[in-house]
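If you read the sequence shown in the UniProt record's numbering, its first letter stands for residue 1, the second for the next number, and so on.
What follows is one structure encoded as structure tokens, with my remarks underneath.
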Amino acid sequence: MIVRTRFAPSPTGFLHLGGARTALFSWAYARHFGGQFILRIEDTDVERSTPEAVQAIIDGMKWLGLDHDEGPFYQMQHMDRYREVIAQMVKDGTAYYCYCSLEELDAMRERQRTAGEHTRYDGTWRPEPGKTLPPVPEGRHPVVRFKNPEEGDVTWEDQVKGTITISNQELDDLIIARQDGTPTYNFCVVVDDWDMRITHVIRGDDHVNNTPRQINILKALGAPLPLYAHLPMILGGDGEKLSKRHGAVSVMEYPEAGYLPDAMVNYLARLGWSHGDDEIFSREQFCQWFDFDHMSSSAARFDTEKLNWLNNHYIRQTDNAELARLVRPRLERLGAQLENAPDLIQVVELLKERVNTINELADAAMLFYRQPQPDAALLEKHLTAESLDALKNYVSNCETVEWNKDAISAMTKAVLAEHKLKMPQLAMPLRLLLTGQLQTPSIDAVVTLFGRDTVLSRLKSSLS
Ligand code: GLU
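Right, here's the structure in full:
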């Protein structure tokens, strides 16, 4: 058997983290078995589906590196097929026309409520041997209902949640085509899963309730049943359903905020799934390891700190030239002066250890690309008479020292010894004068990167 999985988003908004994780797991499962991964856009809710949302889904998957083998397929392009199957089912007697008006259905529910019963379609138009159906009301268009079995249970071995059994008595006869003939959601999913020969339906557990209905329809069609895996929800750190309140929920806000796709994939992979104590692994490793045996059946919690930790790891792993490419447009937005300034590749190398996002890297890098404007009060505090003498000595040494970090470092130490000062007494005023800030990486590294000309001109103009 060739494993065929699908990701079937409804394009009614951006691709959120829950959707991205569903896509990731479906993709990884197919990749694990050398199978196929299909992208299907469930756009039958024409009021709420938008081309922008379709694009956002495709962009999000591309950013995460989740390539599909088939599709994107669009359900709106399968309407003829759905109608054909509905007609066939009516013909076979597995579905039937129901002429109940909305008022009649309301009255039916009201009666059931008053009698303290579960509200459900009462089977008025359900054909049964020996039963006489009511006369067809003139001019009224019928809906089509699926003839759900009345007896027995629906049971499936959920790959994540274990055995799930639902009694058929809990399921009434689902409408599969509306009065205007358009097929309904659950029906379209069934026909597509069948036609696309999906072997594993991997989706959010908000769909668990749809599964027994879909299984019954598949059985009525004589279609093979896929295996089902319902993934537990992702909650915010506070245990509430993940929402805007918890920060970005659209996947595409993460590249904006300076996250790397490898970090996001690694992070999402661990949301509800584990492989021993492994926290850091590549996409390839994840595909090799991924199975449902190590899935947690309870909800996962989103943890920004862990995502940041992983992002820091992947930033450190990323080639400096690539980091520079990612940082440059951000620096431009921040108004950086990149001409005649330290080499960005060396700057990112110096700073990448300590940042959690590319945006933080850009913010940090700005110290090399703007005119310093040291705060007067800070200058007064750090530019003491002793420091000033040492600084002048430092400047004159800068004229001649060999311009590399080791030589500069040795020169700095010699100046400190000569003036009997501690490192901060020289480094703090130097930082202020060169960068306008007190926190920077090691002063020797900063000085080296600025280059002799900038260091001399900035120091001389401040000390003269
Ligand atoms: N279109 C559904 C959704 O976006 C998914 C349906 C499915 O995976 O079966 O929630």
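For every residue, glycine included, the Cβ atom is placed at its ideal position computed from N, Cα and C.
Distances between the C-beta of Ser-49 and the heavy atoms of ligand 1 are all 8 Å or more. Comparing alpha-carbon positions, the option among Pro-232, Asp-293, Gln-75 and Asn-312 lying closest to Gly-18 turns out to be Pro-232. Burial is judged here by how many other beta carbons sit within 10 angstroms of a residue's own beta carbon; Ala-107 has fewer than 16 and is exposed. For Glu-418, the closest alpha carbon among the candidates Val-54, Asn-393, Ser-442 and Gln-437 is that of Asn-393.
If you draw a straight line from the Cα of Thr-124 to the Cα of Ile-164, it is about 30 Å long. A Cβ-Cβ distance of about 6 Å is found for the pair Ala-445 and Lys-405, placing them in contact under the 8 Å criterion. The criterion of a C-beta distance shorter than 9 Å is not satisfied by Gln-346 and Gly-436.
Secondary structure note for Val-191: it is in no beta strand (DSSP E), and the uninterrupted alpha helix (DSSP H) holding it is 185-195.
In this structure, Ser-250 has its CB at a distance of at least 8 Å from all heavy atoms of ligand 1.
DSSP places His-382 inside the alpha helix (DSSP H), whose first and last residues are 376-382. Contact between the segment 206-226 and the segment 55-72 is absent: fewer than 3 CB-CB pairs across the two stretches fall below 8 Å. When DSSP reads this structure, Asp-453 sits in no beta bridge, so it has no partner. Taking a 10 Å sphere around the C-beta of Ser-387, we find 16 or more other C-beta atoms and assign the residue as buried.
Leu-221 places its beta carbon less than 9 Å from that of Val-190. With a contact defined as Cβ atoms closer than 8 Å, Leu-235 and Arg-301 qualify at about 5 Å. Beyond the five residues adjoining it in sequence on each side, Arg-83 comes within less than 8 Å, by CB distance, of Ala-177, Gly-181 and Pro-183 in the same chain, given in chain order.
Val-189 has its CB nearer than 8 Å to a heavy atom of ligand 1. Between Leu-434 and Phe-450, the C-beta gap is smaller than 9 Å, which places the two residues in contact. In the three-state DSSP reduction, Leu-421 falls in the coil class, being neither helix nor strand.
Taking the C-beta atoms as reference points, Gln-425 is found nearer than 9 Å to Leu-416. Pro-441 places its beta carbon less than 9 Å from that of Leu-350. One thing to note: Val-144 has its Cβ within 9 Å of the Cβ of Met-89. Collapsing the DSSP output to three states places Phe-14 in coil. Exclusion of the five residues before and after Ser-296 leaves Gly-272 as the residues of its chain whose Cβ lies within less than 6 Å of its Cβ. By the neighbour-count criterion, in which 16 or more other beta carbons inside 10 Å mark a residue as buried, Val-447 falls on the buried side. Beta-bridge analysis with DSSP links Trp-273 to Met-295.
Our two residues, Asp-238 and Lys-244, have alpha carbons roughly 13 Å apart in a direct line. Using a Cβ-Cβ distance cut-off of 8 Å, the segment 39-47 and the segment 108-117 are not in contact, since fewer than three pairs of beta carbons, one from each stretch, lie closer than that value. The criterion of a C-beta distance shorter than 9 Å is satisfied by Ala-23 and Pro-9. For Asp-444, the CB stays at least 8 Å from every heavy atom of ligand 1. Within the DSSP secondary-structure output, Val-251 pairs in no beta bridge. Val-201 has its CB nearer than 8 Å to a heavy atom of ligand 1. Assigned with DSSP and collapsed to three states, Gln-437 falls in coil, not helix or strand. Closest by C-alpha distance to Asn-216, out of Arg-283, Asp-172 and Asp-205, is Asp-172. About 7 Å separates the beta carbons of Leu-323 and Leu-361, which is inside the 8 Å limit, making them a contact pair. Non-local C-beta neighbours of Ala-269 in its own chain, meaning closer than 7 Å and more than five positions away in sequence, comprise Leu-24 and Phe-286, ordered along the chain.
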